[in-house]
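Engineer:
As structure tokens, this is what we get:
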């Protein structure tokens, strides 16, 4: 009824535990229906089935479509794109909240843009791909959906991929999603829990007693709780705190897109969106981490974090090379330096875009952009 999709009732039955054909389903039956529907995306778990000729007046209450909160890219590590495509398709059949679309990255090639209910949902899908299908995937940094309002028009662009974030000169203002969360914790760790929420830009709405526990209500940006917030909460409370989240609304936020350029080439898969006030500190830490995670080449590679066309952080990845100037011949320092410069220029031009990224590179962004333990220290 909610999806307004007509289907045919070719067979109904129950599992007892084998499949047994029946003429009707009653309360308490574990049943099935064969419809012949080819596209499973036309139906959703929780919807109500009714007779198209004599429909019921209203559907069963409680049904709500799944609202994805986190988006991330999945890319095959090797030449396993077709295997990954089949595996993701099968997972989406039995998990209606998991959705995907195909996308292409200049750095990583063909992949999929996937939506999840949260970061735990993302981790579950990754584990299932590995355990059930034997596939290791590269996962880009997760992000939320932004509403970008453009200058001079009434157009609103929905962006769930940092690559598609418009140029800063065209943006009037940006809205980001907020969530209402409820944290139930012990009084002994109340101060640390409130500090955790404050460092993630949470706004305290209410605090009350619930027996021997304290119930806290916060209004917080969804991006701040998308990755490691729950893990940090469990660590602080020694596993006894609970967290409930609910989507609230969209509010205006001062966010910017951070682009990462390696060897003067922008790597689109490493782009992410962050609050402007956090950008300087986060990008400085990011380029330092990339210095040790990006595979080295035979020449030094500058790594830059670019915000609104300006480089706000830079570090040079040291080379992994054989010194061409050390060949047993006696040469002046200036000649050796000139030889090294020619070597660097030639190698750089020959392999400017030959950059292979590992999961450690993307984990560097996760650790900087979303980790809460760094702020607490």
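In the working numbering, the protein residues as written are -12 to 364. A virtual CB, placed ideally from N, CA and C, is assigned to each residue, including glycine.
1. Spell out the partners DSSP gives residue 32 in its beta bridges.
2. Taking residue 161 as the reference, which of 241, 301, 213, 8 has the closest Cα?
3. What separation, rounded to the nearest whole angstrom, lies between the Cα atoms of residue 298 and residue 198?
4. Quick check: the region 76 to 95 against the region 267 to 280, are there 3 or more CB pairs under 8 Å?
5. In chain order, what residues of the same chain lie with their CB nearer than 8 Å to the CB of residue 7, ignoring the 5 residues before and after it?
6. Using 7 Å as the threshold, is the C-beta distance between residue 365 and residue 285 below it?
7. Could you check where the alpha helix (DSSP H) with residue 51 kicks off and where it finishes?
8. Identify, in the order they occur along the chain, each residue of the same chain with its Cβ nearer than 6 Å to the Cβ of residue 133, setting aside the five sequence neighbours on each side.
9. Looking at the strands, I want to know which residues DSSP matches up with residue 115.
10. For residue 51, is the classification buried or exposed, using 16 other Cβ atoms within 10 angstroms of its Cβ as the cut-off for buried?
11. Reducing DSSP to helix, strand and coil, say where residue 5 ends up.
12. Report the option in 12, 87, 287, 328 whose CA atom is closest to the CA atom of residue 251.
13. Who are residue 153's beta bridge partners in DSSP?
14. Taking DSSP as the reference, what is the three-state secondary structure of residue 43?
15. Give the secondary structure of residue -6 by DSSP, where H, G and I count as helix, E and B as strand, and everything else as coil.
16. Along the beta strand (DSSP E) that carries residue 37, what are the first and last residues, could you check?
17. What residue range does the alpha helix (DSSP H) around residue 273 cover?
18. Are there 16 or more other CB atoms within 10 angstroms of the CB of residue 156, so buried, or fewer, so exposed?
19. Take residue 225 as the anchor and find which of 171, 21, 23, 244 has the nearest alpha-carbon.
20. Counting only the same chain and skipping the five closest in sequence on each side, list residues whose C-beta sits under 7 Å from that of residue 263.
21. Ignoring anything shorter than 3 residues or poking outside the region 179 to 226, list the beta strand (DSSP E) runs there in chain order.
22. Quick one: give me the first and last residue of the alpha helix (DSSP H) that residue 80 is part of.
23. Taking its Cβ as the centre, do 16 or more other Cβ atoms sit within 10 Å of residue 56, making it buried, or is it exposed?
24. Look at the alpha carbon of residue -12 and the alpha carbon of residue 216, and state the distance between them as a whole number of angstroms.
25. Within the same chain, show all residues whose beta-carbon is closer than 7 Å to that of residue -7, passing over the 5 residues directly before and after it, in chain order.
26. Following the continuous beta strand (DSSP E) through residue 291, name the residue where it begins and the one where it ends.
27. Which of the three DSSP states, helix, strand or coil, is assigned to residue 298?
28. Would residue 101 and residue 120 be called neighbours here (beta carbons separated by less than 7 Å)?
29. Rounded to a whole number of angstroms, what is the C-alpha to C-alpha distance between residue 295 and residue 150?
30. What's the call for residue 340, buried or exposed, on a 16-neighbour Cβ count within 10 Å?
31. Quick one: residues in its chain with C-beta nearer than 6 Å to the C-beta of residue 60, no 5 flanking neighbours on either side, listed in chain order?
32. Could you work out which residue in 229, 214, 187 is closest to residue 206 when comparing CA atoms only?
Structural biologist: Looking at the coordinates:
1. DSSP output for residue 32 lists no bridge partner at all.
2. 241
3. 52 Å
4. no
5. 0, 1
6. Coverage of the chain is limited to positions -12 through 364, which leaves residue 365 absent and any answer about it impossible.
7. Taken as a continuous stretch (DSSP letters only), residue 51 belongs to no alpha helix (DSSP H), as it is neither H nor E.
8. 146, 161, 163
9. Bridge partners of residue 115: none, in fact.
10. exposed
11. coil
12. 287
13. None; residue 153 has no bridge partner.
14. coil
15. coil
16. Looking at the DSSP string, residue 37 is not in any beta strand (DSSP E), and its letter there is neither H nor E.
17. 266 to 280
18. exposed
19. 171
20. 241, 242, 243
21. 190 to 197, 200 to 208
22. 68 to 80
23. buried
24. 37 Å
25. 39
26. 288 to 294
27. strand
28. no
29. 14 Å
30. Summary for residue 340: the model assigns pLDDT 49, below 50, so the residue's position carries little reliability, and this model does not support an answer.
31. 98, 100, 127
32. 187
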